[in-house]
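Heads up: the sequence shown begins at 1 in the UniProt record's numbering, then just goes up one per residue. Glycine included, C-beta positions come from ideal geometry on N, C-alpha and C. Have a look at the structure below, then the notes.
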Amino acid sequence: MCVCSFIIHNKDTFFNNATRSRIVHHILQRIKYEEGKNKIGLNRLLTNGSYEAAFPLHEGSYRSKNSIRTHGAENHRHLLYECWASWGVWYKYQPLDLVRRYFGEKIGLYFAWLGWYTGMLFPAAFIGLFVFLYGVMTLDHCQVSKEVCQATDIIMCPVCDKYCPFMKLSDSCVYAKVTHLFDNGATVFFAVFMAVWATVFLEFWKRRRAVIAYDWDLIDWEEEEEEIRPQFEAKYSKKERMNPISGKPEPYQAFADKCSRLIVSASGIFFMICVVIAAVFGIVIYRVVTVSTFAAFKWALIRNNSQVATTGTAVCINFCIIMLLNVLYEKVALLLTNLEQPRTESEWENSFTLKMFLFQFVNLNSSTFYIAFFLGRLIQNWWTRRKVRQEHGPERKISFPQWERDYNLQPMNAYGLFDEYLEMILQFGFTTIFVAAFPLAPLLALLNNIIEIRLDAYKFVTQWRRPLASRAKDIGIWYGILEGIGILSVITNAFVIAITSDFIPRLVYAYKYGPCAGQGEAGQKCMVGYVNASLSVFRISDFENRSEPESDGSEFSGTPLKYCRYRDYRDPPHSLVPYGYTLQFWHVLAARLAFIIVFEHLVFCIKHLISYLIPDLPKDLRDRMRREKYLIQEMMYEAELERLQKERKERKKNGKAHHNEWP
Numbered sequence: 001m002c003v004c005s006f007i008i009h010n011k012d013t014f015f016n017n018a019t020r021s022r023i024v025h026h027i028l029q030r031i032k033y034e035e036g037k038n039k040i041g042l043n044r045l046l047t048n049g050s051y052e053a054a055f056p057l058h059e060g061s062y063r064s065k066n067s068i069r070t071h072g073a074e075n076h077r078h079l080l081y082e083c084w085a086s087w088g089v090w091y092k093y094q095p096l097d098l099v100r101r102y103f104g105e106k107i108g109l110y111f112a113w114l115g116w117y118t119g120m121l122f123p124a125a126f127i128g129l130f131v132f133l134y135g136v137m138t139l140d141h142c143q144v145s146k147e148v149c150q151a152t153d154i155i156m157c158p159v160c161d162k163y164c165p166f167m168k169l170s171d172s173c174v175y176a177k178v179t180h181l182f183d184n185g186a187t188v189f190f191a192v193f194m195a196v197w198a199t200v201f202l203e204f205w206k207r208r209r210a211v212i213a214y215d216w217d218l219i220d221w222e223e224e225e226e227e228i229r230p231q232f233e234a235k236y237s238k239k240e241r242m243n244p245i246s247g248k249p250e251p252y253q254a255f256a257d258k259c260s261r262l263i264v265s266a267s268g269i270f271f272m273i274c275v276v277i278a279a280v281f282g283i284v285i286y287r288v289v290t291v292s293t294f295a296a297f298k299w300a301l302i303r304n305n306s307q308v309a310t311t312g313t314a315v316c317i318n319f320c321i322i323m324l325l326n327v328l329y330e331k332v333a334l335l336l337t338n339l340e341q342p343r344t345e346s347e348w349e350n351s352f353t354l355k356m357f358l359f360q361f362v363n364l365n366s367s368t369f370y371i372a373f374f375l376g377r378l379i380q381n382w383w384t385r386r387k388v389r390q391e392h393g394p395e396r397k398i399s400f401p402q403w404e405r406d407y408n409l410q411p412m413n414a415y416g417l418f419d420e421y422l423e424m425i426l427q428f429g430f431t432t433i434f435v436a437a438f439p440l441a442p443l444l445a446l447l448n449n450i451i452e453i454r455l456d457a458y459k460f461v462t463q464w465r466r467p468l469a470s471r472a473k474d475i476g477i478w479y480g481i482l483e484g485i486g487i488l489s490v491i492t493n494a495f496v497i498a499i500t501s502d503f504i505p506r507l508v509y510a511y512k513y514g515p516c517a518g519q520g521e522a523g524q525k526c527m528v529g530y531v532n533a534s535l536s537v538f539r540i541s542d543f544e545n546r547s548e549p550e551s552d553g554s555e556f557s558g559t560p561l562k563y564c565r566y567r568d569y570r571d572p573p574h575s576l577v578p579y580g581y582t583l584q585f586w587h588v589l590a591a592r593l594a595f596i597i598v599f600e601h602l603v604f605c606i607k608h609l610i611s612y613l614i615p616d617l618p619k620d621l622r623d624r625m626r627r628e629k630y631l632i633q634e635m636m637y638e639a640e641l642e643r644l645q646k647e648r649k650e651r652k653k654n655g656k657a658h659h660n661e662w663p
């Protein structure tokens with residue numbers, strides 16, 4: 001091997017800027033600023049207020065008067081802006097190596113994962129769009145929708161007590177058609193496909209991550225021994241034990257103390273999740289109670305649109321609850337994480353990440369509508385620049401030193417990439433967990449991510465201070481969360497298809513009760529009469545006094561109604577057991593339970609089979625790694641052989657040869 005490859009020809013360019021900033025930060029973290037045992041490190045000076053901020057500087061401005069095509073890039077920041085953060089390059093691949101050199105491996109891995117996730121959404125979005133278009137193309141041939149739209153003689157029971165009116169089943173024609181667009185024969189196939197897709201996405205990401213780790217020299221990288229958090233050190237400074245690695249005394253947390261703190265923290269998490277569930281039930285109760293109130297309003301506009309008014313007010317209340325809980329969640333997560341007293345920053349970050357994900361996941365998935373768009377950081381940057389112009393005037397803008405211009409930018413979130421990962425992980429949950437209810441979710445996620453990549457790049461390059469470059473081998477705890485979501489999505493989609501959709505009741509009717517019963521067919525002709533078979537009869541005189549409708553239904557036929565219909569499988573009022581469950585109900589229930597069991601076991605088997613068949617390392621990468629290992633062994637063997645031969649010559653020269661010498 002040539003020794004000249006190890007010679008540093010240019011000291012200014014040998015280390016990239018990310019590595020240089022890490023070296024400087026490493027020195028500042030370990031240098032003493034005063035005499036004393038604990039007077040060490042930049043973090044302590046930041047904590048006690050000696051310094052306001054500490055951050056690496058950007059490499060000049062991201063804009064230039066000259067075109068990058070004719071004059072080239074002035075610096076890496078300018079190059080990143082033109083080739084990555086600009087909206088005009090949204091269709092191009094990301095320059096991940098340049099991102100890594102400028103921001104470090106940890107941020108580079110985030111954008112690599114985000115780009116990989118976006119690319120994997122293309123097949124999911126295409127299949128989801130096909131499922132939706134299949135519903136559009138088969139809409140005119142859907143027997144169930146036809147029967148609903150033609151059922152002008154079927155009168156449905158009121159949806160609330162006393163004030164809600166009777167209505168024709170045909171009034172639900174539009175709803176029946178829209179339902180068919182998302183709940184059709186292709187939905188089950190798509191749910192299975194998305195469960196398999198989630199597994200394929202994670203398995204191929206492991207392969208992609210391995211390639212990136214190899215290219216970025218992270219395969220054999222081990223995270224440095226982290227410093228103990230000052231809060232942990234202050235709390236347990238009186239109890240010390242010898243560190244088995246460094247051989248130095250360090251603060252020690254007793255096992256009983258750690259367990260008690262974890263139990264209290266887990267109880268707090270459980271309580272907050274219960275608060276979310278209680279809020280959801282509160283909204284449900286509100287809808288049930290207020291629909292009757294709006295139906296009794298004197299204003300005809302509200303009375304005739306009681307369902308819309310109830311839904312609208314419930315959405316507004318739910319929105320306010322979500323916003324309030326979001327503020328509360330972060331404070332509670334911080335309190336519980338600090339209560340646990342994690343030893344290192346990475347332990348603190350993992351604990352906080354898990355809590356915030358659980359809170360946000362339960363919060364956002366408990367509601368259908370969630371509207372939240374924040375422009376806080378962009379508005380704050382604009383306000384800061386406005387204040388600077390007012391204080392110093394526009395003529396001083398160019399003369400600002402780089403550190404002052406960077407100081408006026410917003411610091412990166414105190415939790416690092418937490419917000420960026422959380423947003424995408426929650427989106428992944430929406431895309432996979434509820435895909436059976438909304439097949440267009442992957443398409444919307446794809447469109448969002450195309451914008452999200454450039455928006456995040458724009459924030460990092462232009463709006464935020466340059467974060468400290470740090471190394472990482474993978475995306476950390478988020479991978480385990482993704483795997484958990486993949487498992488949960490199988491269970492959720494099984495229940496959505498079996499319990500919420502009409503797939504199972506229609507299947508049971510087609511094979512057991514319809515015109516094709518016993519013939520092994522399940523076409524549209526086999527669904528004739530399904531709507532009538534899925535509705536039960538209720539005698540209006542059986543209403544309780546407090547819930548009896550004010551209207552007698554005479555507006556439909558000129559005479560008071562005696563019976564109305566409702567959706568269920570129950571015996572008629574004149575049977576031996578009035579309103580008891582029919583045999584069809586038990587058949588549908590058994591089919592639903594059987595479907596859940598079969599669906600889950602089948603999909604889980606497919607997922608495990610795919611995980612087994614797809615190796616974590618690509619073959620060419622595995623061969624390259626084995627080749628490197630072989631060359632290293634050969635070099636070590638040759639070096640050892642050369643050393644032994646040299647020793648042998650020296651011994652012969654000095655007359656000290658021994659028997660059984662080798663070689």
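Query, Result
"Can you give me the start and stop residues for the beta strand (DSSP E) that S489 sits inside?", "Unbroken run through S489 is the alpha helix (DSSP H), 477-495; no beta strand (DSSP E)."
"By alpha-carbon positions, which one of W84, A125, Y581, G115 ends up nearest to F204?", "G115"
"If you follow the alpha helix (DSSP H) that R506 is in, where does it begin and where does it stop?", "503-508"
"Three-state secondary structure (DSSP) at K32?", "strand"
"For residue 686, is the classification buried or exposed, using 16 other Cβ atoms within 10 angstroms of its Cβ as the cut-off for buried?", "Any question about residue 686 goes unanswered here, given that the chain covers just 1 to 663."
"Following the continuous alpha helix (DSSP H) through P249, name the residue where it begins and the one where it ends.", "Element bounds for P249: not the alpha helix (DSSP H) but the beta strand (DSSP E), 249-251."
"Can you list, in chain order, the residues of its chain with a C-beta nearer than 7 Å to that of V200? Leave out the 5 residues immediately preceding and following it.", "I610"
"Suppose only complete runs of 4+ residues qualify. What are the alpha helix (DSSP H) ranges in the region 70-111, listed by chain order?", "76-80, 96-103"
"Need the endpoints of the beta strand (DSSP E) that R241 sits in, please.", "240-242"
"If you draw a straight line from the alpha carbon of E391 to that of N338, how long is it in whole angstroms?", "Below a pLDDT of 50, predicted positions are generally treated as unreliable, and E391, at 49, falls in that range; the measurement from the model is reported next regardless. Between E391 and N338, the C-alpha separation is close to 40 Å."
"Are the region 566-575 and the region 482-496 in contact at 8 Å, needing three or more beta carbon pairs?", "no"
"If you follow the alpha helix (DSSP H) that G537 is part of, which residue opens it and which one closes it?", "As written in the sequence, residue 537 is Val, which differs from the Gly given in the question. Run containing V537: none in the alpha helix (DSSP H); it sits in the beta strand (DSSP E), 535-539."
"From the DSSP output, which residues share a beta bridge with C564?", "F538"
"Using only CA atoms, which one of A151, W113, E647 lies nearest to G529?", "A151"
"May I have a chain-ordered list of the beta strand (DSSP E) segments no shorter than 3 residues that lie completely inside the region 123-181?", "none"
"Looking at C-beta atoms only, is the number of pairs between the region 67-86 and the region 453-464 that lie closer than 8 Å three or more?", "yes"
"Within the same chain, show all residues whose beta-carbon is closer than 6 Å to that of Q645, passing over the 5 residues directly before and after it, in chain order.", "none"
"DSSP three-state label for I277, please.", "helix"
"Rounded C-beta distance between K607 and V196? I'm assuming under 8 Å.", "7 Å"
"Quick one: is H180 buried, meaning 16 or more other Cβ sit within 10 Å of its Cβ, or exposed?", "buried"
"Which of helix, strand or coil does DSSP assign to R592?", "helix"
"How is I283 classed by DSSP in three states: helix, strand or coil?", "helix"
"K473 and L202 look like a contact to me (Cβ under 8 Å); what is the Cβ gap, rounded to whole Å?", "That belief does not hold up - the Cβ atoms of K473 and L202 are roughly 16 Å apart, past 8 Å."
"Look at the Cβ atom of R207, then the Cβ atom of D616, and state whether they are nearer than 8 Å.", "yes"
"Indicate whether L45 and Y33 have their beta-carbon atoms separated by less than 8 Å.", "yes"
"With D623 and H58 assumed to form a contact (beta carbons below 8 Å), what rounded beta-carbon distance in angstroms separates them?", "With 8 Å as the limit, D623 and H58 do not qualify as a contact, their Cβ atoms being about 40 Å apart."
"In whole angstroms, what is the alpha-carbon distance linking L325 and A441?", "25 Å"
"Return the CA-CA distance between T138 and I540, expressed in angstroms with no decimal places.", "37 Å"
"Take Q360 and list the residues in its own chain whose beta-carbon comes closer than 8 Å to its own, dropping the five residues that flank it on each side.", "N326, Y329, L422, L426"
"Does the beta-carbon of S145 have 16 or more other beta-carbons within 10 angstroms, so that it is buried, or is it exposed?", "buried"
"State the beta-bridge partners of R570 as determined by DSSP.", "Y581"
"Would you please state the rounded distance, in angstroms, between the beta carbons of N350 and I322? I believe it to be under 8 Å.", "That belief does not hold up - the Cβ atoms of N350 and I322 are roughly 25 Å apart, past 8 Å."
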